[in-house]
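What follows is a set of notes on a single structure, which appears directly below.
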Amino acid sequence: MIHQLIYYSRNTVPGGDRAMLTNLRDIVSASQRNNCRDGITGFLIFDKTWFIQILEGDRTQVGETYNRIARDPRHTGATVADARNVSTRSFPNWTMGGAMRTPEVEEVYLQHGVGSAIEPARLKSSQIIALAFDLQAFDQARRQGMRLAS
Ligand code: FAD
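Taking the UniProt record's numbering, I'd label the letters of the sequence shown as residues 1 to 150.
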């Protein structure tokens with residue numbers, strides 16, 4: 001059994017897009033290092049106001065990872081939106097994928113009925129996972145396009 005936990009929190013990283021991207025790189029790099037060790041996979045969606053993260057793996061490891069993340073000063077008010085056992089991982093190949101909301105991916109948000117301001121408390125876990133899937137697919141298609149163009 002895989003344990004899947006979804007939470008949201010308020011982003012407290014100061015500064016503009018550049019500072020956000022630097023922070024995302026730091027977070028994703030620590031996440032990939034630790035999650036690889038702990039058998040955790042998942043996805044991180046974020047904009048200037050919110051983080052929404054899906055964590056999946058062994059129940060104890062997911063709990064320990066979430067507790068460590070919740071103490072991080074780069075965000076506040078971490079709130080578990082859903083935690084349940086599932087038969088398979090939704091993001092088996094991602095020790096932690098991440099997608100920042102930029103104008104480029106706006107259409108993906110609109111397709112999921114998410115307007116200019118995300119309201120994480122109003123999103124169902126199935127909507128969050130579907131949005132993360134499509135952000136992941138968008139990112140992969142973009143990378144593929146860049147490889148073909150070079
Ligand atoms: P290091 O990365 O070596 O950090 C040492 C200490 O410094 C830690 O306490 C760390 O929290 C703190 N620190 C490092 N950089 C900063 C900074 N720029 N500002 C403030 N404090 C800092 N970690 C995971 O392992 N897996 C995840 O999936 C994951 N997702 C995250 C999602 C979000 C939204 C956030 C904000 C953080 C996430 N993290 C994740 C990071 C996590 O909160 C810890 O920082 C990290 O796990 C600590 O890794 P480490 O023990 O290797 O310490």
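Here a beta-carbon is modelled for each residue, glycine too, at the ideal position from N, C-alpha and C. These numbers were taken from a predicted model, which means no experiment stands behind them.
Query	Result
Going by DSSP, what residues sit across from residue 5 in a beta bridge?	55, 83
Reducing DSSP to helix, strand and coil, say where residue 20 ends up.	helix
Run the proximity test for residue 73: is its beta-carbon closer than 7 Å to any non-hydrogen atom belonging to ligand 1?	yes
Which residues in the same chain have their Cβ closer than 7 Å to the Cβ of residue 13, if we skip the five residues on either side of it in sequence?	19, 20, 23, 74
Rounding to the nearest angstrom, what Cα-Cα distance links residue 27 and residue 52 in this structure?	13 Å
Return yes when the C-beta of residue 51 is under 7 Å from any heavy atom of ligand 1, and no when it is not.	yes
At a cut-off of 7 Å, would you count residue 76 as near ligand 1, judging by its Cβ distance to the nearest heavy atom?	no
Can you find at least 3 beta carbon pairs, one from the segment 132-140 and one from the segment 97-111, that sit closer than 8 Å?	yes
Can you say whether residue 126 is buried or exposed, counting buried as having 16 or more other CB atoms within 10 angstroms of its CB?	exposed
Per DSSP, residue 11 forms a beta bridge with which residues?	75
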